[in-house]
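The sequence shown begins at 2 in our numbering and counts up by one. See below for the structure under consideration.
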Amino acid sequence: MSRLIKKGPYASNEVFRKVANRTAHGVGHPWAFAAAVGVIVIWGITGPLFHFSDTWQLVINTGTTIITFLMVFLIQNTQNRDSHAIHLKLDELIRANRSARNALLTAEELTEQELDELQAEFTRLAKEKIERRRASSPPSSRQPSSRHAPASTSSSVTGARSSRTTSRSGRTTDDPE
């Protein structure tokens, strides 16, 4: 227990982080799901014993509500840390790459309109690159294949989009020099 207790202003944050991380990993395990199913099965089996009373129903409703309420905070904490770590890693890659736009280091602070404009630019650049590849490929290899499929970008539930970064000259960072 003494390992968990640190002195200073971040001591309670560190304890919460460790508890949240361990809990999130634990409840994400298949055994945790099996245990939850087991609880529901046992609760269902005991229904006739308690004559399917209001109290019997209240037990499962209250239990699941409390667990859900607490898990939201633990999982959100873990997600925030993971997201922050990923942003730092991406920032380091952008910073280290000479042809990357350093303005993208703060992309998470852009407005939705600015993000949409960037996404449109990246989509346009990807289409141009595909067209250049198609135009430079021999006619026999112009058959449709997965290699020439249009590039797609992904979007998450939050609406964040990802794509390759481009240099100021308009070349994507994976273009051959």
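For every residue, glycine included, the Cβ atom is placed at its ideal position computed from N, Cα and C. None of these values were measured; they are calculated from a predicted model.
Hey, how far is the Cα of residue i from the Cα of residue j?
{"i": "N22", "j": "V73", "result": "13 Å"}
{"i": "I46", "j": "A33", "result": "20 Å"}
{"i": "H88", "j": "E115", "result": "18 Å"}
{"i": "G27", "j": "T69", "result": "15 Å"}
{"i": "R133", "j": "N78", "result": "45 Å"}
{"i": "V42", "j": "T65", "result": "14 Å"}
{"i": "A36", "j": "G48", "result": "19 Å"}
{"i": "H30", "j": "A104", "result": "39 Å"}
{"i": "A136", "j": "N14", "result": "56 Å"}
{"i": "N81", "j": "L71", "result": "16 Å"}
{"i": "A187", "j": "D83", "result": "This structure cannot settle anything about residue 187, because the visible part of the chain is limited to 2 through 178."}
{"i": "T63", "j": "V40", "result": "13 Å"}
{"i": "I131", "j": "I67", "result": "52 Å"}
{"i": "V38", "j": "P139", "result": "58 Å"}
{"i": "E113", "j": "K90", "result": "23 Å"}
Quick check: residue i and residue j, are their CB atoms within less than 7 Å of each other?
{"i": "L106", "j": "D92", "result": "yes"}
{"i": "A86", "j": "I95", "result": "no"}
{"i": "L75", "j": "A12", "result": "no"}
{"i": "F51", "j": "W57", "result": "yes"}
On the criterion of 16 or more Cβ atoms from any shown chain inside 10 Å, does residue i qualify as buried, or is it exposed?
{"i": "F123", "result": "buried"}
{"i": "L126", "result": "buried"}
Which residues in the same chain have their Cβ closer than 8 Å to the Cβ of residue i, if we skip the five residues on either side of it in sequence?
{"i": "L111", "result": "L119"}
{"i": "V60", "result": "W44"}
{"i": "F53", "result": "none"}
Going by beta carbon distance, what residues of the same chain come within less than 7 Å of residue i, once the five residues before and after it are set aside?
{"i": "E129", "result": "none"}
{"i": "D55", "result": "none"}
Excluding sequence positions up to five away, which residues of its chain have a Cβ less than 6 Å from the Cβ of residue i?
{"i": "A121", "result": "none"}
Tell me whether residue i counts as near the ligand PLP, meaning its Cβ is closer than 6 Å to at least one heavy atom of that ligand.
{"i": "A97", "result": "In the structure shown, the ligand PLP is absent, as is every other ligand, since no ligand is present at all."}
> Taking the runs of the alpha helix (DSSP H) that are 4 residues or longer, which of them lie wholly in the segment 13–82?
Replying inline: 31–46
> Enumerated in chain order, which unbroken segments of the beta strand (DSSP E) with a length of 3 residues or greater are wholly contained in the segment 91–125?
Replying inline: none
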